[in-house]
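>
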Ligand SMILES: Nc1ncnc2c1ncn2[C@@H]1O[C@H](COP(=O)(O)OP(=O)(O)O)[C@@H](O)[C@H]1O
Ligand SMILES: [Mg+2]
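Chains as they are written, first to last, in this note's numbering: chain A, 26 to 272; chain B, 2 to 258.
#1: Kindly examine ligand 2 and report whether one of its heavy atoms sits closer than 7 Å to the Cβ of residue 90/A.
#2: Among 223/A, 202/A, 153/A and 39/A, whose alpha-carbon lies nearest the alpha-carbon of residue 173/A?
#3: Buried or exposed for residue 130/A, going by 16 or more other Cβ atoms inside 10 Å?
#4: Where are the alpha helix (DSSP H) runs, 4 residues long or more, that stay fully inside the region 204-259 of chain A, in chain order?
#5: Cβ of residue 66/A versus every heavy atom of ligand 4: is any distance shorter than 7 Å?
#6: CB-CB under 6 Å to residue 152/B, same chain, minus the five flanking residues each way: which ones, in chain order?
#7: Ligand 1 heavy atoms versus the CB of residue 177/A: any closer than 7 Å?
#8: Given a cut-off of 8 Å, decide if residue 190/A and residue 104/A are closer than it, judged by their beta-carbon atoms.
#9: Take residue 168/B and list the residues in its own chain whose beta-carbon comes closer than 6 Å to its own, dropping the five residues that flank it on each side.
#10: Helix, strand or coil for residue 181/A? Go by DSSP, reduced to three states.
#11: For residue 134/A, which residues in the same chain have their Cβ closer than 6 Å to its Cβ, ignoring the five residues on either side in sequence?
#12: Looking at residue 39/A and ligand 1, is the gap between the Cβ and the nearest heavy atom below 7 Å?
#13: Which residues in the same chain as residue 181/A place their Cβ atom closer than 6 Å to its Cβ, once the five residues preceding and following it in sequence are excluded?
#14: So is residue 87/B buried or exposed if we call it buried at 16+ other beta carbons inside 10 Å?
#15: Would you say residue 172/B and residue 139/B are within 8 Å of each other, going by their C-beta atoms?
#16: Check the Cβ-Cβ distances between residue 185/A and every residue of chain B, and say whether any is below 8 Å.
#17: Please list the terminal residues of the continuous beta strand (DSSP E) segment that includes residue 78/A.
#18: From the beta carbon of residue 232/B, is the nearest beta carbon of chain A less than 8 Å away?
#19: Beta-carbon within less than 8 Å of residue 164/A's beta-carbon, same chain only, minus the 5 sequence neighbours each way: which residues are those?
#20: For residue 53/B, I'd like the list of residues in its chain whose CB is within less than 6 Å of its CB, leaving aside the five on either flank, ordered along the chain.
#21: Is it buried or exposed, residue 141/A, if we count other Cβ atoms within 10 angstroms and call 16 or more buried?
#22: Whose C-beta lies closer than 7 Å to the C-beta of residue 142/B among residues of the same chain, with five residues either side of it excluded?
#23: Determine which residues share a DSSP beta bridge with residue 106/A and list them.
#24: Beta carbon of residue 24/B, beta carbon of residue 109/B: below 8 Å?
#25: What number of angstroms, rounded off, separates the C-alpha of residue 35/A from the C-alpha of residue 219/B?
#26: Taking the alpha-carbon positions, what's the residue 243/A to residue 114/A distance?
#27: Go to residue 196/B, then tell me how far its alpha helix (DSSP H) extends in each direction, as first and last residue.
#28: Taking 8 Å as the threshold, find out whether the region 56-76 of chain A comes into contact with the region 259-270 of chain A through three or more Cβ pairs.
#29: Interface residues of chain B around residue 113/A at Cβ under 7 Å?
#30: Against chain A, does residue 214/B count as a neighbour if the rule is that its beta carbon must be under 8 Å from one of theirs?
#31: What does residue 184/B pair with, by DSSP beta-bridge criteria?
#32: Is there a Cβ from chain A that is less than 8 Å from the Cβ of residue 223/B?
#33: Check residue 164/B in the structure and name its three-state DSSP category.
#34: In chain A, which residues lie with their C-beta within 8 Å of the C-beta of residue 219/B?
#35: Quick check on the DSSP output: what are the complete beta strand (DSSP E) runs of length 3 or more inside the region 76-140 of chain B, in order along the chain?
#36: With a threshold of 7 Å (Cβ to nearest heavy atom), would residue 63/A be considered close to ligand 1?
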């Protein structure tokens, strides 16, 4: 479903990704773990087409198309969702307004009819309920004044509403307390664990993987995948640390 | 003030005049006296009025000058949307009597080589009057937005509360915005707040929107709408503020208002 082949990327002329390869098949959830500064967020942003993140080599194929050839908003319409490590605040634009524009733009790009205001609110209410986020929060401006945990939950509500085929989730568990972690993890399972979907889950912690059980675990270090294994690799990492395991 | 306006009526304005310093010289050369007259607007004691000025595309420069007299406890709310494709200047000269209130919510939007300016001279002539001015300027290509705002608080005009708030949003490198606040305060028990900033669209917000599938043009529209909405928050009638915002956004998209 997502095939990354020998990907090289740089920011401001600084090489960050150095020949990263990885394939996620439909129906699979893969975890990416790795030390700070390894290039995990860079990988997420490169997949999401963030300006300034320059691909200097390699390829990414998503659902049969060249992902790197698409504009960021086209990638979203093609079914890619990027969960931000640091969700962005947008003063003056409400979540409801933003997400309705986003969903209807995606639907339009796919040749589907737009949702009416009423239909959209019904959908939003359902997904907010799934993530135990107060619907009132969605009437407020995008991420403005949200706590760290609320931002992460709001990201997952966005994911639920947009219903992507593939999600790249960058440290969605950071800043969450134990209860919120479970709600978010179960939300990810409910929204994304399906035969025709895939997830790349970037995390530092085993505790999210206890809820969202991955099919594979990769260790990213120095801009490439240095080791791949099953769920047991994450446990081993937790006990022994990156240096011992990735050496 | 009376002598200054008498002067400006006698000879054409030039960039040497403080209130015209950012107007394009080529436009000033073409002005004729018939464009420079003042329209009077008085609001009687205790009355409330709303004045809406939409500056549309015109064949030539548009200058609108309004001389406002607010009687005791009178209120005037002015709303300006300036989306002309030519030089446009909206100017208010305001005299506030005791306990009166003047409010201005103004938006200028323009590309090409156009200059739009909102110029105010608000005189708090008696105690206890309030004024609030919020101006948002959105310019692109080589467009320019100016806000020149003078506030005078005369001796004895205690408990004056005057606020002035300007923000410029430049969508292209060639665009510019100027804010010239000028406060002359001769009373001691006075609140006078002013702020002016000029910036660009938030790149991270644009990317975040794109990452959710919002095309760049729609993202720009949402962000500009959020930016200019400040100018009309004080409009009580929600339908009317919506209408003003939509007019402004039409100008953003290059439509003739
Ligand atoms: N905007 C940037 N400009 C220059 N270097 C950057 C930028 N963003 C990240 N980097 C560098 O790229 C490397 C990888 O960062 P990142 O992808 O955020 O790592 P991770 O998410 O794995 O902690 C780090 O060395 C970081 O300093
Ligand atoms: Mg990171």
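Note that beta-carbon positions come from the ideal geometry of N, C-alpha and C, so glycine has one too.
It should be emphasised that the depicted structure is a prediction, and the values quoted were computed from it without experimental measurement.
On the basis of the supplied data:
#1: No, the Cβ of residue 90/A stays beyond 7 Å of every heavy atom of ligand 2.
#2: Of the listed residues, the one whose Cα sits closest to residue 173/A is 202/A.
#3: Classification of residue 130/A: buried, given that the 10 Å Cβ count is 16 or more.
#4: Counting only runs of 4+ residues, the alpha helix (DSSP H) found wholly inside the region 204-259 of chain A occupies 231-236, in chain order.
#5: By its list of ligands, the structure shown excludes ligand 4, since it contains just ligand 1 and ligand 2.
#6: Cβ within range, chain order: 123, 163 and 184.
#7: Answer for residue 177/A: no, Cβ out of range of ligand 1.
#8: Yes; because the gap between Cβ atoms is below 8 Å, this pair is in contact.
#9: Residues 137 and 198 of the same chain have their beta carbon placed closer than 6 Å to that of residue 168/B, with the five preceding and five following residues left out of the count.
#10: Residue 181/A falls in the helix class under three-state DSSP.
#11: Spatial neighbours of residue 134/A in its own chain (CB-CB distance under 6 Å, excluding positions within 5 residues in sequence) are listed in chain order as 102.
#12: For ligand 1, a non-hydrogen atom lies closer than 7 Å to the CB of residue 39/A.
#13: Excluding positions up to five away in sequence, the list reads 156, 209 and 212.
#14: With at least 16 other beta carbons inside 10 angstroms of its own, residue 87/B counts as buried.
#15: Closer than 8 Å, so yes.
#16: Taking Cβ atoms only, chain B never reaches closer than 8 Å to residue 185/A, which makes this a no.
#17: Bounds of the beta strand (DSSP E) holding residue 78/A are 78-87.
#18: No - not a single Cβ of chain A is within 8 Å of the one on residue 232/B.
#19: Short of 8 Å from the beta carbon of residue 164/A, and not among the five residues preceding or following it, lie these beta carbons of its own chain, in chain order: 119, 120 and 121.
#20: Counting only Cβ-Cβ distances below 6 Å, and skipping sequence neighbours, we find 80.
#21: Looking at its Cβ environment, which holds fewer than 16 other Cβ atoms inside 10 Å, residue 141/A is exposed.
#22: Taken in chain order, the residues that qualify are 112, 113, 173, 175 and 176.
#23: In the DSSP secondary-structure assignment, residue 106/A is bridged to 192/A.
#24: The beta carbons of residue 24/B and residue 109/B sit no closer together than 8 Å.
#25: Taken atom to atom, the span from the alpha-carbon of residue 35/A to that of residue 219/B is near 29 Å.
#26: Computed Cα separation, rounded: 31 Å.
#27: Looking at the DSSP string, residue 196/B is not in any alpha helix (DSSP H); the run it does join, the beta strand (DSSP E), is 191-200.
#28: Between the region 56-76 of chain A and the region 259-270 of chain A, the count of C-beta pairs closer than 8 Å reaches three or more; the two stretches touch.
#29: Chain B residues near residue 113/A: 205, 206 and 209.
#30: Under the Cβ criterion of 8 Å, residue 214/B is counted among the residues facing chain A.
#31: As DSSP reads the structure, residue 184/B sits in a beta bridge with 152/B.
#32: Yes - at least one Cβ of chain A is within 8 Å of the one on residue 223/B.
#33: Residue state, collapsed to three classes: strand.
#34: Correct list: 126 and 130.
#35: The region 76-140 of chain B contains these whole beta strand (DSSP E) runs: 76-83, 89-97, 102-111, 116-125 and 131-140.
#36: At a threshold of 7 Å, residue 63/A counts as near ligand 1, since its beta carbon sits closer than that to one of the ligand's heavy atoms.
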